[in-house]
Amino acid sequence: MKKLFTVLIFIGMFGLLGIPYKVEAITSKEVNYQEPQGTMLTINITGESKEGQLLLSPEYMQFRLTAGEVINKNELLDKVQLVIDSAASNQFEVVDFKPESKVEWSYFDRHELLDITERGFIVPDYSIYEKKPSFLLTGPVIIQRKSPTTEKKTIDSNTDVILRHSVSFMKRNGESMNLVPTTTQLSSFSKTAKPGQSIQSEELYQAAQSLFEQTKEYHEGYQLIKRLNTSISENEKAYRSVYQFQNGKPFNYTISQLREFSKWDYSQAIRDDIIENYYISKNGDDYYPEQIQITLDLTNEEETSIRTLTLDLPKENTIEHIKHYLSEADLTEIDAKTGDHYWFSQNVKQVSSHHFQANYFSKENSDLFYYNRFSLQ
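Residue numbers (full-length UniProt numbering): 1 to 377.
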């Protein structure tokens, strides 16, 4: 069991009345474990680039919640930033959640998944209960490296460039199309090279294969299926993607002579980090999310259509992608032609293979839903 220690972190969080809350964050690294008291939100996420490159796997962190506190997308992003900073201070900034990210409410054998929305939910008062419900935020979040003040400088063609190759092996999470890393990034090789020297994609693949054959997954019968993506970090500053599995084209990476340095400091090591993700599988299947075109009806309480949309979404976990689309497209609140205002209930049902319904409440009913969703009464 992971060990915990407690630190107090004060951030500006505002509930319904604009009252700032004191937020207690508990990480998973220190002294003897003790069961945290109160209603807790556990954040256990991974940080990825927009292209799906695994960049960071921080330790989980727990936050004490206060009755009446509003937990919405912005508040969760603030908390995730604290988790990211605890693992890599001032190196990354949080951009957004991915569709797979969810908040799970748990109380004994009761569980409910909640999408991350702009409106969010209100934490009920659980003070009269000895055993408190808990909230868990899991899944990947999109992060990006912070850009320090830099300037470009051409280095001599005879300069030694440290070349490091790091690999993560990804497998399906159960039967879903969601991928999870088998471990943190593994180092494949570290060597020196010269500006202008090319690195072949096949060379990197063979290095990844050799590294994979040393893992427990290889001995459990997994196979290395294909490269998912490749990115390059120059001097830990310039970061760029050079390969995505969707295009499937071989690539050659050439070490750049024009490089970014921190201003007034050219003493840092000149280094290229090649970071790759590979897909592994036991049954030899390929990984490519199949897309389908669906009809989505936005309906009221009587299942009368308010609006109809046509969307192209992944066939796997379509309902989860629908919820994410409605959130990203700012459709969690809509107005009908009658002038009535509606709130998305987070409920989506499948009518047929290509037909779905998203249920909305009128404002009066949605407020009741908003306040009482996690009530134990």
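Quick reminder that beta carbons are idealized off the backbone N, C-alpha and C, glycines included.
On the DSSP letters alone, give me the boundaries of the beta strand (DSSP E) that residue i sits inside.
i: Ile-225; result: 223 to 234
i: Thr-182; result: Counting along the chain, Thr-182 falls outside any beta strand (DSSP E), and DSSP gives it neither H nor E.
i: Ser-353; result: First-last for Ser-353: undefined, no H or E at that position.
i: Ala-238; result: 238 to 244
i: Pro-140; result: 134 to 145
i: Ile-270; result: Where Ile-270 is concerned, there is no enclosing beta strand (DSSP E), given that its DSSP letter is neither H nor E.
i: Gly-47; result: 40 to 48
i: Thr-295; result: 291 to 299
Could you check what DSSP says for residue i in three-state terms: helix, strand or coil?
i: Ile-255; result: coil
i: Gln-197; result: coil
i: Ala-67; result: coil
i: Leu-76; result: helix
i: Phe-108; result: coil
i: Ser-101; result: coil
i: Leu-309; result: strand
i: Glu-30; result: Any reading at Glu-30 must be qualified, since the residue scores a pLDDT of 42, below 50, and its modelled position is unreliable; no value is offered.
i: Lys-171; result: strand
i: Val-83; result: helix
i: Leu-331; result: coil
i: Ile-128; result: coil
i: Asn-359; result: strand
i: Ser-166; result: strand
i: Tyr-279; result: strand
i: Ser-89; result: coil
i: Tyr-287; result: coil
i: Tyr-325; result: helix
i: Glu-118; result: coil
i: Ser-57; result: coil
i: Glu-203; result: helix
i: Ile-155; result: coil
i: Thr-304; result: coil
i: Trp-264; result: Low confidence applies here, because Trp-264 scores a pLDDT of 47, under 50, leaving its location unreliable and the question unanswered by this model.
i: Thr-338; result: coil
i: Gly-12; result: Confidence at Gly-12 is low in this model, with a pLDDT of 32, below 50, so its placement is unreliable and the value that follows should be read with caution. Three-state DSSP puts Gly-12 in coil, outside helix and strand.
i: Asp-367; result: Confidence at Asp-367 is low in this model, with a pLDDT of 43, below 50, so its placement is unreliable and the value that follows should be read with caution. Helix.
Take residue i and list the residues in its own chain whose beta-carbon comes closer than 6 Å to its own, dropping the five residues that flank it on each side.
i: Leu-41; result: Phe-63, Leu-65 and Phe-135
i: Leu-106; result: For the record, residue 106 in the displayed sequence is Ser; it is not Leu. Once the five neighbours on either side are set aside, the close Cβ partners of Ser-106 are Ser-134.
i: Tyr-239; result: Arg-145 and Ser-233
i: Ser-190; result: Arg-164
i: Lys-315; result: Glu-290 and Ile-292
i: Gly-221; result: Lys-282
i: Ala-193; result: Val-161, Leu-163 and Ile-255
i: Glu-112; result: Trp-105
i: Ala-336; result: Ile-306
Go to residue i, then tell me how far its alpha helix (DSSP H) extends in each direction, as first and last residue.
i: Glu-217; result: 216 to 219
Compute the beta-carbon to beta-carbon distance between residue i and residue j, rounded to the nearest angstrom, for a pair I have assumed lies under 8 Å.
i: Asn-300; j: Tyr-342; result: 6 Å
i: Ile-274; j: Leu-211; result: With a Cβ gap of about 13 Å, Ile-274 and Leu-211 do not count as contacting.
i: Thr-215; j: Phe-169; result: 7 Å
i: Lys-102; j: Thr-46; result: With 8 Å as the limit, Lys-102 and Thr-46 do not qualify as a contact, their Cβ atoms being about 14 Å apart.
i: Gln-200; j: Asn-252; result: 6 Å
i: Ser-86; j: Met-61; result: 6 Å
i: Pro-140; j: His-324; result: Not quite, the Cβ-Cβ distance comes to about 12 Å (not below 8 Å), so this is no contact.
i: Thr-39; j: Lys-132; result: 5 Å
i: Ser-198; j: Ser-166; result: Their Cβ separation, rounded to whole angstroms, is 19 Å, which puts Ser-198 and Ser-166 out of contact at 8 Å.
i: Lys-79; j: Ile-43; result: 6 Å
Note down, in chain order, each residue of its chain lying with its Cβ closer than 7 Å to the Cβ of residue i, except the 5 sequence neighbours on either side.
i: Ser-256; result: Pro-195 and Glu-234
i: Asn-359; result: Thr-299, Ser-345 and Asn-347
i: residue 400; result: As shown, the chain starts at 1 and ends at 377. That puts residue 400 outside it, with no answer to give.
i: Phe-361; result: Glu-301, Tyr-342, Trp-343, Ser-345 and Phe-369
i: Asn-72; result: Thr-117, Glu-118, Arg-119 and Gly-120
i: Leu-77; result: Val-94
Tell me which residues share the same chain as residue i and place their Cβ nearer than 8 Å to its Cβ, disregarding the 5 neighbours each side in the sequence.
i: Phe-356; result: Ile-294, Thr-295, Leu-296, Asp-297, Thr-318, Ile-319, Ile-322, Val-348, Lys-349 and Gln-350
i: Glu-51; result: Asn-229, Ser-231, Ser-241 and Gln-244
i: Ser-305; result: Asp-297, Leu-298 and Thr-299
i: Glu-202; result: Pro-250
i: Thr-310; result: Gln-293, Ile-294, Thr-295 and Leu-296
i: Glu-333; result: Arg-119, His-341, Tyr-342, Trp-343 and Phe-344
Quiz item: Using 8 Å as the Cβ pair cut-off and three pairs as the minimum, do the stretch 150 to 157 and the stretch 114 to 127 touch?
Solution: no
Quiz item: At a cut of 8 Å, does the stretch 341 to 348 reach the stretch 80 to 97 through at least three beta carbon pairs?
Solution: no
Exercise. Could you tell me whether the stretch 270 to 280 touches the stretch 220 to 232, where touching means 3 or more Cβ pairs closer than 8 Å?
Key: yes
Practice problem: Flag this pair as touching only if the stretch 44 to 59 and the stretch 175 to 187 have three or more C-beta atom pairs under 8 Å; answer yes or no. | Solution: yes
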